[in-house]
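Here the sequence shown stands for residues 13 to 645, where the numbers follow our numbering. The beta-carbon is built from N, C-alpha and C at its ideal position, and this holds for glycine as well.
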Amino acid sequence: MAGLIDQLDNLIAELLAGSNIYTYLLGTALLGFIGWTILDIQDADTHPLLLARQAQASYVRQPGESASFRCPETPHGYPLRTGLGVKPAGTPMYTAGRDGDLRDIWRRVTGEIPLEKGQASSGTAKILSVFGKQDITDHSIEDITKEINVIGKHLKDHRAKRVAIYLPNSVEFLVALFAGAFYDFSPVLIPYNQPHPTLIELLNRANVDSLISEAGAIPLDDVGKGVSGLRNVIWAVEKSSRHMDWNEIPEGIGGKIDISVWHQLVQDQKNGNVTLPPDAGKAPNVVFLWQEAVGKSAEFVEFTQQNIAAATGALISSLPAAHRINASDSFLAADAFTSSYPLCLTLAALYSHATVFVNSVAGPGVDLELATRSFAPTIIVISAETAAKLHSTTTASATSGLKKLAHSVETRTLTAGRLPTDTFFSRLNAPTRASIGTTPGKLRLLYVSERAGLNTPPLSSGDLSDLRIYTKARVIYALTAAKVAGAVTQTNLYDYRREETPSNKHSHFGVPLSCVEVKLKDTPSHKTTDEQSVGEIVVTGASVAGGEAAIGVNGRLVGFSDMGLTDRKQVLSVRTILWLMSRLELVFSVQRPSAMIPQPTTPGRSQYLMYSLSILQYFPALVCVCVYSLMLP
């Protein structure tokens, strides 16, 4: 035995004697690669089983329908979220708070209602308007409050009850919305850029008596003649056009319509009262239009204040505490305020004292690079059309082989359950990024909304994974519907999974918000069985107009069998590594000299060789584990 060890010792000595710089470089590279593979094994952002079982099913289901599914935040047996949980100053911490409405949201913006304990803020939210490439206007919250009083009092004095807001995303839009809550009129939110005949038809169907619109956006003579019930018009005039006279009344409508100009009303009351009127009963409803595209037929949906408050509160609480919207965030709605999802997220940002950027470049299919070229938002909400456009343009620019290699490396990181971060290698060769904002990498959350039943482009899980790499942000994919304020469901913040689905199929939409529960009702072609839950999606809860609504599309429950093999491979790989580590620890514990037996102070080469041989017997297993982990999708 001693002779065999001496022979091996001489063989290793001869091998090392014949080494040169190339063998050292190759050995160093091999050891570095193996070491990097081992050190790169990190925990996922969340446990895979938390993603496997996200929604909670009810214990009983009725014939002809599936079980009811809820968010884990409000499990069965507990009430659904019904509002914001507003706690005025001096309210004890243990109280639940009241549901609240738009009036409470604005009082939170002004600082009259304080933030929750532990949240930092400058005292109020911030609202900035973006005009073009360089012009950004910071609005004083006190001035906006004064405008709410001026516009609201003017409309109340003219006995306005249903006011059409025909504006792009703007501060005037938000002012008119909040004024309706304080001065008892119902805002009717009409998507901008409608053809004139369609706009007249929508105004008649909405039965409005007042209109707030951009000056020059519509011909007043046609509207005055076509809308019989219209009595008041307020023009919102851009600064560059305020030298013109906008009070002129066209011939043929006489004194039937009262014409006012927004900035003149505000100027006349520049020393007016800043104090908001006290709450007097229930705030009026808000009317939304569900429309596939401008110029097409629309469905009118009337949401109560509780619907909007419940949706806003659920969107706030849907994020983990560490990632919730806060005062350090910069928020941009790159989708129109006339859709309930971007509007409720904007209200959530205001309620959380974030800095809200308002840009008229908003709507389905906008150029996100153009909309963010003068500032750097941390949170953006966009439509599915905009997300598809961003994905296609960025993918088309990724033509280099090195860029594709870097993209595949970050895709592997996402598949392993981690959001990619900047590393030494990514700085040397970063994948293709989308140009969003003036500060690359500042964006942290990207909300994408899918409008159920409309002709919107589907986004697969692969598309969403690519968007995470292009934007360096977490992506939340939401399913929205006409009669549900906010969203029906939205994906988990940490859900980076890629499904084996065709590119023209939607990714899954996550779990219901905490204000609703979802079930699937049987249709002639889709039946729920013990093996699967399929059918028409029916939503019940505090954010649903009328309390319950079928959204008109079919869905299916995605269970553990649809997860793929990724998570189980990761578990197997981790178990193998843990087994290997335990065996190496066993080797060291067996070969380590005992403290009870005297040992020489300087071990000889043969003893070190015995240690090396004992460890090297597990070296092939270590290499196999490293190669196996690299082969994981």
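Are the region 493-502 and the region 555-568 in contact at 8 Å, needing three or more beta carbon pairs?
Under the Cβ criterion (8 Å, minimum of three pairs), the region 493-502 counts as touching the region 555-568.
Quick one: residues in its chain with C-beta nearer than 7 Å to the C-beta of Gly-135, no 5 flanking neighbours on either side, listed in chain order?
Gly-123
Check whether the Cβ atoms of Ser-461 and Tyr-353 lie closer than 8 Å to each other.
Yes, the pair counts as a contact, with Cβ atoms nearer than the cut-off.
Alpha-carbon to alpha-carbon, Asp-347 and Ser-477
Near 21 Å, if we compare the C-alpha coordinates of Asp-347 and Ser-477.
Taking 8 Å as the threshold (C-beta atoms), are Ala-345 and Ala-374 in contact?
yes
Can you tell me which residues form a DSSP beta bridge with His-151?
Ile-139
Rounding to the nearest angstrom, what Cα-Cα distance links Met-105 and Thr-287 in this structure?
27 Å
Suppose you measure from the CA of Val-235 to the CA of Lys-308; what does that come to, to the nearest Å?
About 19 Å.
Reduced DSSP category for Ser-573 - H, G, I as helix; E, B as strand; rest coil:
Because the pLDDT at Ser-573 is just 31, under 50, the model does not fix this residue reliably, and the point stays unresolved.
For Pro-100, the nearest candidate out of Thr-94, Arg-110, Leu-92 (CA to CA)
Arg-110
Under a Cβ-count criterion, where at least 16 other Cβ atoms within 10 Å of its own Cβ denotes burial, should Ser-31 be classed as buried or exposed?
Classification for Ser-31: exposed.
Where His-208 and Ala-446 are concerned, what is the direct C-alpha to C-alpha distance, given to the nearest angstrom?
Looking at the two C-alpha atoms, the distance is approximately 37 Å.
Should Pro-199 and Val-299 be called a contact, given that it needs their Cβ atoms to be closer than 8 Å?
yes
Check the DSSP bridge columns for Arg-463 and list the partner residues they point to.
Thr-492
Measuring alpha carbon to alpha carbon, tell me which residue in Thr-49, Ala-310, Asp-116 is nearest Ala-295.
Asp-116
Enclosing beta strand (DSSP E) for Tyr-353 [first to last residue]
No beta strand (DSSP E) contains Tyr-353, which is instead part of the alpha helix (DSSP H) from 352-363.
Using a Cβ-Cβ cutoff of less than 6 Å, which residues in the same chain neighbour Ala-69 once the five nearest sequence positions on both sides are dropped?
Ala-79, Phe-81
Stretch pair the region 415-423 + the region 355-372: three plus CB contacts closer than 8 Å
no
Under the rule that 16 or more other beta-carbon atoms within 10 Å means buried, what is Ala-663, buried or exposed?
Past the edges of the chain, shown from 13 to 645, lies residue 663, and the structure says nothing about it.
Beta-carbon proximity list for Ile-488, same chain, < 6 Å, skipping 5 on both sides:
Tyr-459, Gln-502, Thr-503
Neighbour-count burial assignment, Asn-467, 16 or more Cβ in a 10 Å radius:
exposed
Helix or strand or just coil, what does DSSP make of Tyr-36?
It is helical.
Quick check on DSSP: helix, strand or coil for Ala-399?
helix
Where Thr-405 sits in the DSSP three-state scheme
helix
List the endpoints of the continuous beta strand (DSSP E) containing Arg-119.
Careful: Arg-119 lies outside any beta strand (DSSP E), inside the alpha helix (DSSP H) at 114-122.
Rounded to the nearest angstrom, what separates Lys-237 and Leu-214 at their Cα positions?
Answer to the nearest angstrom: the Cα atoms are 14 Å apart.
Neighbourhood of Asn-319 by C-beta, 8 Å cutoff - its chain only, sequence neighbours within 5 removed:
Ala-497, Ala-554, Ser-555, Val-556, Ala-557
For Leu-525 versus Leu-327, is the C-beta spacing smaller than 8 Å?
yes
Range of the contiguous alpha helix (DSSP H) that encloses Ser-438
436-440
Closest Cα partner of Pro-470 within the set Arg-456, Lys-401, Pro-87, Thr-407:
Lys-401
DSSP state of Arg-480 mapped onto helix, strand, coil:
helix
Looking at Lys-401 and the ligand COA, is the gap between the Cβ and the nearest heavy atom below 7 Å?
Judged by which ligands are present, the structure shown has none, so any question about the ligand COA falls away.
Indicate whether the contact test is met: 3 or more Cβ pairs, each with one atom in the region 505-518 and one in the region 44-63, closer than 8 Å.
yes
On the criterion of 16 or more Cβ atoms from any shown chain inside 10 Å, does Leu-28 qualify as buried, or is it exposed?
exposed
Give me, in chain order, the residues of the same chain whose beta-carbon lies closer than 8 Å to that of Leu-277; leave out the 5 immediate sequence neighbours on both sides.
Val-162, Ile-163, His-166, Ile-246
Exposed unless 16 or more other CB atoms sit within 10 angstroms - verdict on Lys-268:
The residue is exposed, with fewer than 16 neighbouring Cβ atoms inside 10 Å.
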